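In this text, residue positions in the sequence shown follow our numbering: the first is 1, and each later residue adds one.
Glycine included, each C-beta is placed from N, C-alpha and C at the ideal position.
Quick caveat, the model's predicted, so the values are computed rather than measured.
Have a look at the structure below before the remarks.
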Amino acid sequence: MKRKEIEEALQRTLEGLAHIEHERWSHWQKYMHAKGIRQTDGSLLIPADLVAQWDRQIATPYAELSENEKESDRDQVRKYLPAIIEALCPK
1 MKRKEIEEAL
11 QRTLEGLAHI
21 EHERWSHWQK
31 YMHAKGIRQT
41 DGSLLIPADL
51 VAQWDRQIAT
61 PYAELSENEK
71 ESDRDQVRKY
81 LPAIIEALCP
91 K
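The structure is reproduced here in structure tokens:
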């Protein structure tokens, strides 16, 4: 495929990719909320050890993450691959 064809194909799948992204984000939010401690005012208190872990991960370039952390990121990216493949190679 030529670049323009690829761009057009990916543009056509934008909504599908946005759907996957929302599912990914929603899953992460459910995870974070489950780790927090619900306060009487409805807010969440995140344990300090998790904040420290996430701060470390935020500050760490991908190449320097542990293999388990990299695999976690790969698992998330794999969710996008079927939509990208379908956009580039429709049945």
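- The three-state secondary structure of I6, taken from DSSP, is helix.
- As computed with DSSP, I37 is found in a beta bridge with L45.
- In chain order, A83 place their CB closer than 7 angstroms to the CB of G16, counting only its own chain and leaving out the 5 sequence neighbours on each side.
- Here M1 carries a coil assignment [DSSP, helix/strand/coil].
- The residue among L10, K2, R24 and P61 with its C-alpha nearest the C-alpha of V77 is R24.
- Judged by DSSP in its simplified three-state form, L50 adopts helix.
- Taking 8 angstroms as the cut-off, the beta carbon of L88 is found closer than this to the beta carbon of M1.
- Beta-carbon to beta-carbon, L50 and K35 are separated by about 6 angstroms, close enough to satisfy the 8 angstroms threshold.
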